[in-house]
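Undergrad: Numbering of the sequence shown is given in our numbering, commencing with residue 129 and proceeding in unit increments. Just so it is clear, CB atoms sit at the ideal spot from N, CA and C, and this is done for glycine as well.
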Amino acid sequence: MSAQAKPTGPDRSDEAGGDLDAVLGNELKVAVARLYSRFRSERGEGELGDAAMGVLVKLHNHGPQSLTELSRRAHVTPSTMSQTVNRLVSGGHALRDKDPSDGRRVLFHVTPAGTELARAALAVRSGWLDDQLARLTEGERETLLKASHIMRRVADS
129 MSAQAKPTGP
139 DRSDEAGGDL
149 DAVLGNELKV
159 AVARLYSRFR
169 SERGEGELGD
179 AAMGVLVKLH
189 NHGPQSLTEL
199 SRRAHVTPST
209 MSQTVNRLVS
219 GGHALRDKDP
229 SDGRRVLFHV
239 TPAGTELARA
249 ALAVRSGWLD
259 DQLARLTEGE
269 RETLLKASHI
279 MRRVADS
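What follows is the structure, encoded as structure tokens:
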């Protein structure tokens with residue numbers, strides 16, 4: 129058997145005889161995309177777009193950050209992040225200040241209005257998810273908990 133070939137048999141294939149890894153990969157991609165889309169659709173009134181909301185929540189949860197830090201966390205270019213933080217600043221949801229430890233560096237932090245918006249958005253989305261999880265059996269919730277640990281490990285690799 130070649131180094132790239134995968135063993136087949138009852139432990140490596142689904143009921144239809146397909147490759148378990150291919151089926152798993154496809155099912156996982158579809159499930160994550162649908163869950164993410166559904167989660168994003170749960171919006172409070174006047175909520176910002178996804179990119180801006182993501183940055184606002186990061187600033188709310190993690191405190192002041194530089195453009196470089198925000199870009200790295202969001203996996204976007206600094207110029208893209210610059211547009212996002214400029215919208216947050218112009219909307220009164222964030223402020224830019226000089227870093228007290230390095231005057232050449234700019235830090236962005238959330239304003240009280242931004243904190244209120246971030247909290248409201250998190251509450252709406254968490255409420256929706258909590259309602260959905262409450263409908264599951266205890267066994268299903270335990271399975272999701274185990275799966276979430278594995279998915280986090282894959283995402284962080």
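#1: Select from F167, R162, V238 the residue whose C-alpha is nearest the C-alpha of V183.
#2: Report yes if the CB atom of R233 is closer than 8 Å to the CB atom of D227, and no otherwise.
#3: Have a look at the DSSP bridge pairing and note the partners of H237.
#4: Can you name, in chain order, every residue of its own chain whose Cβ lies under 8 Å from the Cβ of G242, other than the five neighbours on each side?
#5: Tell me, to the nearest whole angstrom, how far the beta carbon of R269 is from that of L261; I am working on the premise that it is less than 8 Å.
#6: Suppose the cutoff is 6 Å on Cβ atoms and the five residues either side in sequence are ignored; what does the same chain contact list for P192 look like?
#7: From the DSSP output, in three-state form, read off D284 for me.
#8: Rounded to the nearest angstrom, what separates P135 and Q211 at their Cα positions?
#9: Classify R269 as helix, strand or coil using the three-state DSSP reduction.
#10: Starting from H190, trace the alpha helix (DSSP H) in both directions and tell me its first and last residue.
TA: In this structure, then:
#1: Position 55 of the sequence shown, counted from the start, is the residue given in the question as residue 183. Among F167, R162, V238, the Cα nearest to that of V183 belongs to V238.
#2: For the purposes of this step, residue 233 is taken as the residue at position 105 of the sequence shown. For the purposes of this step, residue 227 is taken as the residue at position 99 of the sequence shown. Closer than 8 Å, so yes.
#3: Here residue 237 corresponds to residue number 109 of the sequence shown, with the count starting at 1. Bridge partners of H237: L223.
#4: What you label residue 242 is simply residue 114 of the sequence shown in a count that begins at 1. Cβ neighbours of G242 beyond the five flanking positions: L184, L187, H188, L216, G220, H221, A222.
#5: To locate residue 269, count along the sequence shown from 1; it is residue 141. To locate residue 261, count along the sequence shown from 1; it is residue 133. With a Cβ gap of about 6 Å, R269 and L261 count as contacting.
#6: Here residue 192 refers to the residue found at position 64 of the sequence shown. Contacts found: L235, H237.
#7: As a first step, residue 284 is located in the sequence shown; it is residue number 156 there, counting from the start. Reduced to three states, the DSSP call for D284 is coil.
#8: Within the sequence shown, numbered from 1, the residue matching residue 135 stands at position 7. Within the sequence shown, numbered from 1, the residue matching residue 211 stands at position 83. Here the model assigns P135 a pLDDT of 43, short of 50, so the residue's position is not dependable, and the following value carries that caveat. Rounded to the nearest angstrom, the two C-alpha atoms are 49 Å apart.
#9: Within the sequence shown, the letter at position 141 stands for residue 269. In the structure shown, R269 sits in a helix (DSSP, three-state: H, G or I).
#10: In the sequence shown, the residue the question calls residue 190 occupies position 62. It spans 178–190 - the alpha helix (DSSP H) in which H190 sits, taken as one unbroken run.
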